[in-house]
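Read the structure below first, then the notes.
2 protein chains.
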Amino acid sequence: MPSDRIIIVGAGIIGLGIGWRLARAGRDVLIFDRDRAGRAASRASAGMLTPLAEVRHEEEALLRLGLKGLEQFPDFVAELESESGFSVGYRPDGVLLVGVTRDDIEYLRYRYDYQRDLGLPVAWLSGGQARAREPQLSPQVGAAVWCPGDHQVDNRLMVKALRAAFLKSGGCLKESTPVETIDVARNRVRGIVAGGKAYPAATIILAAGCWSRLIPGLPGTARPPVRPVRGQILRLQMTEDCTLKTIVWYNRAASSAVAYLCPKDGGRLVLGATSEEMGFNDSLTAGGVFELLRAAWEVVPGIYDLPIIETAAGLRPGSRDDGPILGKTPVRGLIVATGHYRKGILLTPITAYSIAELVLTGKVPEDIRPFGIGRFA
Amino acid sequence: MPSDRIIIVGAGIIGLGIGWRLARAGRDVLIFDRDRAGRAASRASAGMLTPLAEVRHEEEALLRLGLKGLEQFPDFVAELESESGFSVGYRPDGVLLVGVTRDDIEYLRYRYDYQRDLGLPVAWLSGGQARAREPQLSPQVGAAVWCPGDHQVDNRLMVKALRAAFLKSGGCLKESTPVETIDVARNRVRGIVAGGKAYPAATIILAAGCWSRLIPGLPGTARPPVRPVRGQILRLQMTEDCTLKTIVWYNRAASSAVAYLCPKDGGRLVLGATSEEMGFNDSLTAGGVFELLRAAWEVVPGIYDLPIIETAAGLRPGSRDDGPILGKTPVRGLIVATGHYRKGILLTPITAYSIAELVLTGKVPEDIRPFGIGRFA
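Here the protein sequences line up with chains D and V, keeping their order.
Position 290 (the first sequence) corresponds to 289 in numbering that gives the first Met the number 0; numbering is contiguous.
Position 43 (the second sequence) corresponds to 42 in numbering that gives the first Met the number 0; numbering is contiguous.
This is the structure we're talking about:
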């Protein structure tokens with residue numbers, strides 16, 4: 000019995016990231032997913048790496064985690080691309096946060112003042128200055144905050160690269176194989192059962208996104224308090240007449256959609272995303288698509304004639320304070336890495352590095368200490 | 000050589016309808032389509048049979064054709080369902096034309112007065128009366144015209160039934176077989192070439208929708224002046240909280256979309272349709288979907304949470320006066336049946352009956368005389 004085997008539940012970008020780091024460190028890693036790798040929230044994401052644009056007053060610890068996570072991105076990507084042989088479309092583009100109405104602009108100013116207080120490298124732009132940076136912006140845009148430190152990656156390519164790198168490093172991936180139960184005895188993990196077969200393991204990492212608390216066999220104290228938060232997203236095809244150079248981000252007042260327009264290599268424009276508390280309902284809806292299109296059209300009218308290539312909806316794992324849930328649990332051998340909400344792609348490198356370090360050394364790295372499951376106890 | 004063979008170019012609902020009538024009259028009929036039957040405009044339609052709701056001042060002849068066509072629907076459907084064994088979802092529902100803004104309601108009144116002048120059975124309703132008929136209507140709806148004589152059918156089921164009935168009657172259907180050329184000599188058709196093979200025929204019926212004028216070999220005088228008019232359409236899934244009883248129709252002022260919400264058997268809600276002059280570009284677009292959702296949401300706010308099941312775009316065959324192009328051409332043996340624009344489903348029975356009669360008797364039936372290709376000469 001391979002007592003040093005590590006099992007990861009969930010082959011989303013988080014599970015694959017951790018698995019890759021552990022497999023390349025020489026460990027015996029087995030990842031299970033009920034579907035194909037990266038088909039859930041990892042796929043529905045837009046690949047925004049935008050801790051500056053997303054900063055909120057109540058979340059300083061999360062901001063620090065995001066900034067450090069972004070700092071780690073270039074090295075993580077360089078290694079990943081070299082080992083997997085795939086590009087992941089990493090782009091240090093910057094983000095334009097824009098406002099249209101007086102309400103929008105007041106909120107923009109409030110956020111900008113806070114970003115400045117934190118010493119973040121941001122700049123206030125007039126509508127004209129914003130249009131000089133992104134000519135596709137509507138004349139209605141009255142002001143903007145330029146966040147040059149925010150970046151992006153192609154989340155789907157990153158999943159593909161992580162899957163390949165994980166397998167190349169000797170990891171084993173069981174897709175379309177739901178974990179039926181986690182076997183816990185005397186407050187210690189012993190393994191899992193999947194496809195009617197028992198797989199012993201001394202370490203189990205729970206990285207199953209919004210489904211993480213539902214895996215049978217989990218004791219109550221180790222059940223991460225995550226819930227699904229639906230995100231709807233569209234992919235458009237840019238044309239010669241309407242090609243964006245930079246990411247445009249619009250917090251439309253009184254709308255359930257934070258609208259961003261994120262241009263990708265190859266001419267795709269990702270338009271996201273709603274944040275809806277609808278339980279496990281992952282339908283695309285009339286209202287969701289309407290809100291996204293309205294907000295995007297208000298700030299970039301040229302999208303009107305662009306073809307819609309794809310529509311999608313996904314379920315993000317949200318926690319009670321919007322921060323991830325990372326590290327040990329009260330059950331020995333059971334580690335959690337979920338609850339990344341809107342920041343799963345951004346936090347993939349720092350999660351992968353930290354959880355791998357925790358498994359390899361037994362010590363909880365400084366970076367993730369504020370994000371333990373204990374804070375919800 | 001079967002000199003009495005009839006070839007139909009196009010297996011849309013029009014080509015299939017004509018083919019069925021001719022095959023069941025004992026004729027040797029061969030239909031070609033470049034795709035599968037009914038995959039173009041016939042599929043993207045909503046199956047509205049609504050000559051009253053669509054009436055316009057400049058189109059009295061077209062109105063008469065539509066009303067007579069609708070009169071023929073029940074018999075046509077009864078025979079079709081009995082011969083094919085398929086239901087086609089025919090429903091004599093009625094349509095509520097609704098208005099929100101003062102502009103909308105003035106236009107509604109103008110249209111209503113004209114409908115009354117023509118002696119059409121319509122009724123003016125207050126907003127409250129309209130909501131009594133359809134409780135899902137928004138409180139913003141200020142007035143409505145009730146058109147009880149307008150009906151609907153499931154266009155996709157009708158294609159399926161016509162295809163089956165045509166084949167059962169001994170017709171032959173060649174799908175995925177584009178017609179390469181129409182062979183005309185001494186101003187008389189001799190047959191067609193498809194898949195590199197010649198098919199002789201004394202009669203050829205051109206029913207290829209907006210592609211009808213592009214079939215190689217057509218002399219200029221026989222080329223029907225049709226152009227593609229794009230229509231975008233959505234299919235939603237109704238829920239217990241939001242189920243419509245009747246068709247709601249909203250001509251939103253200053254919008255490229257005539258929005259209608261058409262509830263179907265099985266709980267689908269078809270939401271159509273844009274009318275866009277975009278050439279052969281059949282993309283779904285951000286603007287098209289946005290206009291449909293905005294207009295539908297304004298008059299039936301409950302659609303907000305409904306899942307979007309399908310998005311589609313199709314190309315209608317539009318003529319210069321929006322009327323169909325039906326009957327003989329200057330080329331002997333060549334008959335046209337296209338240009339049905341927004342009324343292809345409604346006009347299927349009358350087109351099928353009339354064109355079959357023309358082929359069988361050589362005489363142009365009274366009903367279609369105003370719609371000959373000669374009017375554009």
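The beta carbon of each residue, even a glycine, is placed where N, CA and C say it ideally should be.
No experiment lies behind these values; they were computed from the predicted model shown.
When C-beta distances to chain D are compared with 8 Å, the residues of the region 304 to 317 of chain V below that value are Asp304, Leu305, Pro306, Ile307 and Thr310, in chain order.
In this structure Ile203(V) is not in contact with Ile232(V), their Cβ atoms being roughly 31 Å apart against a cut-off of 8 Å. Between Tyr249(D) and Ala294(D), the CB-CB gap stays under 8 Å.
In this structure the region 184 to 194 of chain V does not lie against the region 94 to 107 of chain V, because fewer than three pairs of beta carbons, one per stretch, are closer than 8 Å.
Where Leu29(V) is concerned, the enclosing beta strand (DSSP E) starts and stops at Val28 to Phe31.
At least one CB of chain D lies nearer than 8 Å to the CB of Arg293(V). About 5 Å separates the beta carbons of Gly313(V) and Gly230(V), which is inside the 8 Å limit, making them a contact pair. Residue contact check for Ala285(V) against chain D: a CB pair falls below 8 Å. In the structure shown, Met47(D) falls within a strand segment according to DSSP collapsed to helix, strand and coil. Look at the region 120 to 143 of chain D: it has no residue with a C-beta under 7 Å from a C-beta of chain V.
The region 194 to 211 of chain V and the region 93 to 105 of chain V do not touch, with fewer than 3 CB-CB distances between them shorter than 8 Å.
The beta carbons of Ile13(V) and Thr245(V) sit no closer together than 8 Å. Annotation for Trp210(D): no beta strand (DSSP E) segment contains it, and DSSP assigns it neither H nor E.
Close to chain V, meaning a Cβ-Cβ distance shorter than 8 Å, is no residue of the region 200 to 221 of chain D at all. A Cβ-Cβ contact shorter than 8 Å links Thr284(V) with Pro306(D).
For Leu15(V), there is no enclosing beta strand (DSSP E); the enclosing alpha helix (DSSP H) covers residues Ile12 to Arg23. The Cβ-Cβ distance between Lys263(D) and Gly148(D) does not fall below 8 Å. Contact holds between the region 10 to 28 of chain V and the region 166 to 176 of chain V, because three or more Cβ pairs, one in each stretch, are under 8 Å apart. For the pair Leu325(V) and Leu48(V), the CB atoms are not nearer than the 8 Å cut-off.
In this structure the region 57 to 66 of chain V does not lie against the region 215 to 231 of chain V, because fewer than three pairs of beta carbons, one per stretch, are closer than 8 Å. By the Cβ-count criterion, His339(D) is buried, with 16 or more other Cβ atoms from all chains shown falling within 10 Å of its own Cβ.
Here DSSP, grouped into helix, strand and coil, assigns Ser125(V) to strand.
CA-CA distance, Ser125(D) to Val288(D), rounds to 29 Å.
In the structure shown, Arg222(D) falls within a coil segment according to DSSP collapsed to helix, strand and coil. Beta-bridge pairing by DSSP links Leu235(V) to Leu268(V) and Ile307(V).
For Phe31(D), there are no C-beta contacts with chain V under 8 Å, since the nearest C-beta of that chain is about 29 Å from it. Straight-line spacing of the CA atoms in Ile7(D) and Leu161(D) works out to 14 Å. Ranked by Cα distance from Leu357(V), the options Arg20(V), Leu15(V), Gly9(V) and Gly11(V) are led by Arg20(V).
DSSP, read as helix, strand or coil, puts Ile344(V) in coil. When the five nearest sequence neighbours on each side are left out, the beta carbons in the same chain lying within less than 8 Å of the beta carbon of Leu15(D) are those of Ile30, Ala36, Gly37, Val158, Leu161, Arg162 and Phe165, in order along the chain. In this structure the region 77 to 88 of chain V does not lie against the region 125 to 135 of chain V, because fewer than three pairs of beta carbons, one per stretch, are closer than 8 Å. The alpha carbon of Ala376(V) has as its nearest neighbour, out of Trp210(V), Thr220(V), Gly361(V) and Arg226(V), the alpha carbon of Thr220(V).
Cys241(V) is positioned such that its CB atom lies closer than 8 Å to that of Ile302(V). Counting other Cβ atoms within 10 Å of its Cβ, Ala200(D) reaches 16 or more and is therefore classed as buried. For Tyr106(D), the uninterrupted alpha helix (DSSP H) run begins and ends at Arg101 to Asp116, by DSSP. Within 7 Å of the CB of Ile302(D), the CB atoms of chain V belong to Ala285, in sequence order along the chain.
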